[in-house]
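Q: There's a structure below that I have some questions on.
Protein chains: 2
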Amino acid sequence: MNQLLIMEKQLKAVSDANRLKLLASLKNGEVCVCDLVEILQVSQPAVSQQLRKLKEADIILERKKGTWKHYRLNDIQAPYIQTIIDELEPISIHNCACTIEEGEV
Amino acid sequence: MNQLLIMEKQLKAVSDANRLKLLASLKNGEVCVCDLVEILQVSQPAVSQQLRKLKEADIILERKKGTWKHYRLNDIQAPYIQTIIDELEPISIHNCACTIEEGEV
DNA sequence: TTAATATATAAGAATATAATTATATAGTAA
DNA sequence: TTACTATATAATTATATTCTTATATATTAA
């Protein structure tokens, strides 16, 4: 894919307030979907769809852990995406069952 | 306006291949609308509307010169917008009447 | 196995986006 | 003034986006 089109896809992925909040929520590490639903205050499928969009742009990665799915920022980001992430005020997560179980409190 | 919403607005403004091309075309300095129409290969009103979107996001500035209007990049950019601009391969303009008249060849 | 839980996908509706054509505006030239 | 040119705005249309509800899938627990 053309460089400009890759850029367009990635920028489209981050040009939405809810998806920016998702990125802000991932700045401190992995978070499960249930927590993100609480933060965004929209339905679970809506969050799932937003996450997919970020994933398809290679901005976030997922890890399956039982029935839970943890999302995290990709370590490798295009410079223009990294700068966006850097600018975001982190949103801190009140840890849910899934993370407590792993002793990640 | 909330920081996140400003970011959203600016990122929406640049998350389009044609508007990225407009920014790439402005990297070497002021360009008039007629040149930009040639580059994008869309109608003049379409270009005008895209330019407005970039202008409303404070990413570009305009200068009126007779019937022509010259657009240029704003010197002051949010870091995440500047990084995007830096990443763009400049598009060079085959100078049109308006710039030649000013001896800017 | 069945039930419960976490997440994903599908379908549909409301809204937003980005193009087009037609028209308006504003400046210059005759 | 009238005609011409460059650009902007309006109206319309096609498409994309983003939400919702309903349903499917996959894992764990009983």
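Keeping their order, the protein sequence lines are chains A and B.
In terms of numbering that gives the first Met the number 0, the first sequence has 104 at position 105, counting the first letter as 1, and numbering is strictly consecutive.
In terms of numbering that gives the first Met the number 0, the second sequence has 31 at position 32, counting the first letter as 1, and numbering is strictly consecutive.
Using N, Cα and C, we set each Cβ at its ideal position, and we do this for glycine too.
These figures come from a predicted structure and were not determined experimentally.
#1: Indicate whether I72(B) and I84(B) have their beta-carbon atoms separated by less than 8 angstroms.
#2: Straight-line CA distance for I75(A) to I58(A)?
#3: Using a Cβ-Cβ distance cut-off of 8 angstroms, determine whether L72(B) contacts chain A.
#4: Could you compute how far the alpha carbon of N17(A) sits from the alpha carbon of L39(A)?
#5: Using the beta-carbon count (16 or more within 10 Å), is V41(B) buried or exposed?
#6: From H69(A) to A45(A), what does the alpha carbon distance come to, in whole angstroms?
#7: Quick one: does A16(A) have its CB under 8 angstroms from some CB of chain B?
#8: Could you tell me the alpha carbon to alpha carbon distance between D34(A) and L25(A), rounded to whole angstroms?
#9: Give, in chain order, every unbroken run of the alpha helix (DSSP H) that is at least 4 residues long and sits entirely within the stretch 0 to 46 of chain B.
#10: Mind pulling the chain A residues with CB within less than 8 angstroms of L4(B)?
#11: Are the C-beta atoms of I92(B) and some chain A residue less than 8 angstroms apart?
#12: Please classify I75(A): does DSSP put it in a helix, a strand, or coil?
#13: I'd like to check one pair, L3(B) with L19(A): are the Cβ atoms closer than 8 angstroms?
A: According to the structure data:
#1: As a first step, residue 72(B) is located in the second sequence; it is residue number 73 there, counting from the start. As a first step, residue 84(B) is located in the second sequence; it is residue number 85 there, counting from the start. According to the sequence provided, residue 72(B) is Leu. The question's Ile does not apply to it. Contact flag set, yes.
#2: What you label residue 75(A) is simply residue 76 of the first sequence in a count that begins at 1. What you label residue 58(A) is simply residue 59 of the first sequence in a count that begins at 1. Between I75(A) and I58(A), the C-alpha separation is close to 8 angstroms.
#3: Within the second sequence, the letter at position 73 stands for residue 72(B). Not one chain A Cβ lies under 8 angstroms of L72(B).
#4: Counting from 1 along the first sequence, the entry for residue 17(A) is found at position 18. Counting from 1 along the first sequence, the entry for residue 39(A) is found at position 40. Between N17(A) and L39(A), the C-alpha separation is close to 7 angstroms.
#5: Here the question's residue 41(B) lines up with position 42 in the second sequence. Counting Cβ neighbours within 10 Å, V41(B) comes out exposed, since fewer than 16 surround it.
#6: Position 70 of the first sequence holds residue 69(A). Position 46 of the first sequence holds residue 45(A). Distance between the alpha carbons of H69(A) and A45(A) is about 16 angstroms.
#7: Against the first sequence, residue 16(A) aligns to sequence position 17. For A16(A), the answer is yes, since a Cβ of chain B falls inside 8 angstroms of its Cβ.
#8: The residue you call residue 34(A) lines up with position 35 of the first sequence. The residue you call residue 25(A) lines up with position 26 of the first sequence. Their backbone Cα atoms lie some 11 angstroms apart in a straight line.
#9: 2 to 13, 16 to 25, 32 to 39
#10: The count along the second sequence starts at 1 and reaches residue 4(B) at position 5. Within chain A, the residues near L4(B) are A16.
#11: As a first step, residue 92(B) must be located in the second sequence, where it is residue number 93. Judged by the 8 angstroms Cβ criterion, I92(B) is not in contact with chain A.
#12: As a working note, residue 75(A) is residue 76 in the first sequence. If DSSP states are grouped into helix, strand and coil, I75(A) belongs with coil.
#13: Here residue 19(A) refers to the residue found at position 20 when the first sequence is read from its first residue. Here residue 3(B) refers to the residue found at position 4 when the second sequence is read from its first residue. Taking 8 angstroms as the Cβ cut-off, L19(A) and L3(B) qualify as a contacting pair.
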